[in-house]
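In this note's numbering, the protein residues as written are 355 to 455.
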């Protein structure tokens, strides 16, 4: 279940660079939806430990200005994700995106 929510969050994150992310305060925009998905992801098993750091790393590559907003959605301090991935999580991420540092 957690993986499915993570996949949805990744799909929304992939779209963000190609659309206008700023909306009026009267309507929900893509960042609002992503914030809600991240909040849900953090509540699921393995979400905070594994999937939220992976997602934040992805967001940091595509839209770094959104990391603080998403940390607020998970009620975690922004400094908690300066380097969000443990070595084992970084390996999984690099394997997932096909890059090795």
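Ideal Cβ positions, reconstructed from N, Cα and C, are used throughout, including at glycine. Just so we're clear, the structure is a prediction, and the values are computed from it rather than from any experiment.
For residue i, the nearest candidate out of the options (CA to CA)
{"i": "residue 371", "options": "419, 406 and 426", "result": "419"}
{"i": "residue 428", "options": "408, 397 and 417", "result": "397"}
{"i": "residue 405", "options": "387, 383, 382 and 392", "result": "392"}
{"i": "residue 426", "options": "381, 357, 389 and 383", "result": "389"}
{"i": "residue 357", "options": "415, 383, 373 and 408", "result": "408"}
{"i": "residue 373", "options": "380, 379, 417 and 362", "result": "417"}
{"i": "residue 469", "options": "380, 387 and 379", "result": "Because residue 469 is not part of the residues shown, which for the chain are 355 to 455, the question remains open."}
Short CB-CB distance (under 8 Å) between residue i and chain B
{"i": "residue 406", "result": "Included in the structure is just one protein chain, with no chain B present."}
Residue i burial status per 10 Å Cβ neighbour count (16 or more: buried)
{"i": "residue 385", "result": "buried"}
{"i": "residue 401", "result": "buried"}
{"i": "residue 413", "result": "buried"}
{"i": "residue 367", "result": "buried"}
Residue i, DSSP secondary structure in three states
{"i": "residue 417", "result": "coil"}
{"i": "residue 399", "result": "coil"}
{"i": "residue 381", "result": "coil"}
{"i": "residue 374", "result": "coil"}
{"i": "residue 429", "result": "coil"}
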